[in-house]
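Offset between the sequence shown (1-based) and the numbering used here: plus 145.
We treat Cβ as the ideally placed atom computed from N, Cα and C, and that holds for glycine.
Reviewing the structure listed below.
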Amino acid sequence: MGVFVFILFLLFLVSCGDRDKKVVIGVLISGEGRLTKLDGFKDGLKNLGIKNVEFLVYNGENSLKGIEEKAIEIVKDEDKFHIIVAGGSLEAYYLKKIKEDLKAPVVIMGGTAIKTWGFVDEKNRPIRGITGIDNLNTELMEKRVEIFKRFFPDIKKAVVFCTPRFEASKLATRLTIQAGEKHDLKVVPISVNDVRDLEYVISHMKEDGFGAIIITPCFYTENFLTSYILHYARFYQVPVLCLSPEHAIKGCTIAYGSSNYDQGYQASYIAYRIIKGERVENIPFEKVNKVKLFVNQGALRELGYTLDKNKLALIDQVVK
């Protein structure tokens with residue numbers, strides 16, 4: 146009996162030790178546009194009982210050069226980390242560009258075009274020590290255009306602000322153009338160098354028959370330009386179609402997709418499995434489990450549109 150009690154006591158000590166062991170997580174974020182993913186990730190781990198966590202955040206500050214520099218730093222520090230968390234596919238790409246065989250597994254808190262980036266094999270199994278959440282942002286572009294046309298059937302031309310430097314961004318742009326052709330919307334990609342260029346284009350786009358702006362999965366737009374696009378679009382009365390519900394809260398007319406917070410929260414469950422000892426190659430990418438349609442009623446009203454019963458039936462949340 147005494148031996149049995151002693152064994153139980155040892156097991157208790159081991160379990161307490163595992164529970165109290167600090168988990169150190171390195172976080173590579175391209176810019177402030179993705180920080181809410183980290184908020185969701187932290188909350189998810191906390192709710193799963195992983196509370197003794199230290200996060201070391203490396204922020205690229207909306208610059209490709211900055212992201213690469215921070216990726217170099219995080220790789221130099223890799224021995225510190227149990228897991229490295231990437232804000233999206235771009236950050237994971239730079240990590241593997243710097244060092245293919247990272248010691249720590251990488252979890253993406255919501256990435257797009259994961260096959261195009263080379264994170265999965267032909268059977269969609271994770272490779273290269275990376276897994277995470279597939280946010281479907283590229284695949285959802287056709288559905289976004291379809292929804293947009295139901296709200297704005299009279300608009301025939303739209304612009305996409307993006308300078309695609311990566312194949313994934315080019316793919317998203319191509320799919321958006323194809324979706325436009327299918328739904329009677331001519332989509333034209335336009336490059337802008339800075340905010341000044343952006344305002345000029347938005348202030349003059351109606352003169353050339355362009356009636357809307359579409360946000361696509363593109364690093365520069367997502368991390369830096371979106372807030373400016375929403376500001377100038379509202380000022381010049383141009384509807385905008387966005388990727389994330391958070392954008393509708395910030396003034397975007399229509400947004401369809403998963404929120405950054407929800408992506409990060411879902412990614413925490415994958416990180417939890419790794420913390421508990423599962424191998425990353427045995428944990429497939431998960432598709433986002435929450436895709437919602439948000440409509441900003443104030444922005445819609447300013448454009449002279451109202452919500453009828455048919456449109457209200459489509460919407461998950463109306464932002465007042």
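*Note down, in chain order, each residue of its chain lying with its Cβ closer than 8 Å to the Cβ of GLU245, except the 5 sequence neighbours on either side.*
ARG273
*Under the rule that 16 or more other beta-carbon atoms within 10 Å means buried, what is THR257, buried or exposed?*
buried
*asked:* If distances are taken between C-alpha atoms only, which option among ALA400, ILE292, GLY396, GLU236 comes closest to SER175?
replied: GLU236
_Continuous alpha helix (DSSP H) stretch holding ALA249: start and end_ = Premise fails: ALA249 is in no alpha helix (DSSP H) and is neither H nor E.
*asked:* Between the alpha carbons of THR371 and LYS196, how many angstroms are there, rounded?
replied: 34 Å
*Determine the DSSP secondary structure at ILE460, reduced to helix, strand or coil.*
coil
*Pull up the DSSP beta-bridge partners for LEU201, would you.*
GLY171
*Measuring CA to CA, which of VAL198, LEU193, GLY189, TYR239 is closest to ASN204?*
TYR239
*Looking at C-alpha atoms only, which residue of ARG179, LYS301, TYR406, LEU452 is the closest neighbour of ILE322?*
LYS301
*Could you check which residue in LYS432, PHE200, TYR401, GLY402 has the C-alpha nearest to that of ILE467?*
Residue 467 falls outside the range modelled here, since the chain spans only 146 to 465, and no answer is possible.
*What residue does the alpha helix (DSSP H) around TYR373 start on, and which one ends it?*
371–380
*Can the beta-carbon of VAL168 be found less than 7 Å from the beta-carbon of ILE420?*
yes
*By the 10 Å Cβ neighbour count, where 16 or more other Cβ atoms means buried, how is HIS392 classified, buried or exposed?*
buried
*Spell out the partners DSSP gives ASN441 in its beta bridges.*
VAL464
*Going by DSSP, what residues sit across from ALA303 in a beta bridge?*
VAL332, ALA357
_Touching by the beta-carbon criterion (3+ pairs, under 8 Å), the region 401–416 and the region 275–285_ = yes
*Tell me whether GLY178 sits in a helix, a strand or coil according to DSSP, three-state version.*
helix
*In angstroms, rounded to a whole number, what distance separates the CA positions of ILE275 and PRO309?*
23 Å
*To which residues of the same chain is GLU223 closer than 8 Å at the C-beta, ignoring the five residues directly before and after it?*
GLY171, ILE229, LYS244, LEU247, LYS248, ALA249
*asked:* On the criterion of 16 or more Cβ atoms from any shown chain inside 10 Å, does LYS191 qualify as buried, or is it exposed?
replied: exposed
*By how many angstroms is the C-alpha of ILE358 removed from the C-alpha of ALA303?*
5 Å
*asked:* Checking the sheet assignment: what are the DSSP bridge partners for ALA400?
replied: CYS387, PHE439
_Can you look up GLY325 in the DSSP assignment and give me helix, strand or coil?_
helix
_Under 8 Å: do the region 382–396 and the region 323–340 share three or more Cβ pairs, one atom per stretch?_
no
_Quick check: the Cα distance between ASN269 and ASP453, rounded to an integer number of angstroms?_
41 Å
*asked:* Suppose the cutoff is 7 Å on Cβ atoms and the five residues either side in sequence are ignored; what does the same chain contact list for GLU206 look like?
replied: GLY176
*Within 7 Å, strictly: CB atoms of GLN462 and MET254*: no
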